[in-house]
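Residue numbers (full-length UniProt numbering): 1 to 262.
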């Protein structure tokens, strides 16, 4: 089963009916343990296999509904990839190199054992003025929104530049050095464009939760396309990961395969 890691407690949306699936898993373990105690280990394995198929169908149904009209990451997942890191980004051009650089500098793992998916997102429409909002506050909100729109396009260009797909990007001398090290590391960085005209999420879900869901759905689909399990980690666009972050994730689930999430 795919394992989801929530680095912080701000996740308000779920990419698929996790609670229902987790309840099924709990029931399967209880019944399976009882069967083993009574000397029916073979039946326990058969039951677990059947439940896994139920889970797979539920997830497949969700992905078919959610990703059918989506622009997918074109490059397939590396067969050695164990962790897919999902980061939503809104107006984070000044910080986005922080998580990318720290993931490029991970210790104890090869860069083909993990990947990064950045969901660059913004609402399709300018924010509306609330009844309690002053004109000054509203004007400030509009300025912030417009700034985020510009930064998002620069973030998309920056990720393309990292992947050798775009040279039309403004970077400082310091950023140039960072990007050269990222490229040399071999880290796979993918952008999902939910910021450009005609590509944004619907207004009602054009928020950090919707962006996370889109990224998680992509990561789930990438693992399932290879018919294997994996770890999905989530964080923010201004995070600086510990140098052992990926290594520790992999080790934790290797030692405790019964875990579904942390």
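Glycine is no exception: its CB is placed at the ideal position from the N, C-alpha and C atoms.
A distance below 7 Å between beta-carbons, with the five flanking residues on each side excluded, links residue 183 to the following residues of its chain, in chain order: 162.
With fewer than 16 neighbouring CB atoms inside 10 Å of its own CB, residue 130 falls in the exposed class. Residue 208: member of the alpha helix (DSSP H) spanning 208-224, first to last residue.
The beta-bridge partner set that DSSP reports for residue 116 consists of 85, 189. Excluding five sequence positions before and after residue 175, the CB atoms of its chain that fall closer than 7 Å to its own CB belong to 97, given in chain order. Between residue 87 and residue 118 a beta carbon distance of about 5 Å is seen, short of the 8 Å cut, so the two are scored as contacting. By the Cβ neighbour-count rule, residue 59 is buried, with 16 or more other Cβ atoms within 10 Å of its own. If you keep only unbroken beta strand (DSSP E) runs of at least 3 residues inside the stretch 122-204, you get 188-194.
By the 16-neighbour rule on beta-carbons within 10 angstroms, residue 82 is buried. DSSP, reduced to helix, strand and coil, places residue 233 within a strand of the structure shown.
Taking the C-beta atoms as reference points, residue 120 is found nearer than 9 Å to residue 152. Setting aside the 5 residues that flank it on each side, residue 217 is surrounded in the same chain by 15, 63, 66, 67, each with a C-beta closer than 7 Å to its C-beta; the list follows chain order. With fewer than 16 neighbouring CB atoms inside 10 Å of its own CB, residue 128 falls in the exposed class. Its chain contains 86, 117, 119 as the residues whose beta carbon lies nearer than 6 Å to that of residue 215, once the 5 sequence neighbours on both sides are disregarded; these appear in chain order. By alpha-carbon distance to residue 115, the top candidate from 139, 75, 140 is 75.
Short of 8 Å from the beta carbon of residue 239, and not among the five residues preceding or following it, lie these beta carbons of its own chain, in chain order: 7, 87, 98, 99, 102. Between residue 180 and residue 170, the C-beta gap is not smaller than 9 Å, which leaves the two residues out of contact.
Within the model, the alpha-carbon separation for residue 157 versus residue 254 is close to 37 Å. At a Cβ-Cβ threshold of 9 Å, residue 249 and residue 123 do not count as neighbours.
Take residue 57, set aside five residues on each side of it, and no residue of its chain has a beta-carbon closer than 7 Å to its own.
For the pair residue 126 and residue 145, the CB atoms are nearer than the 9 Å cut-off. With distances taken between CA atoms, residue 191 lies nearest to 165 out of 204, 185, 165.
Excluding the 5 residues flanking it on each side, residue 106 has same chain C-beta neighbours closer than 8 Å at 114, 241, 243, 244, 245, 246, 247, in chain order.
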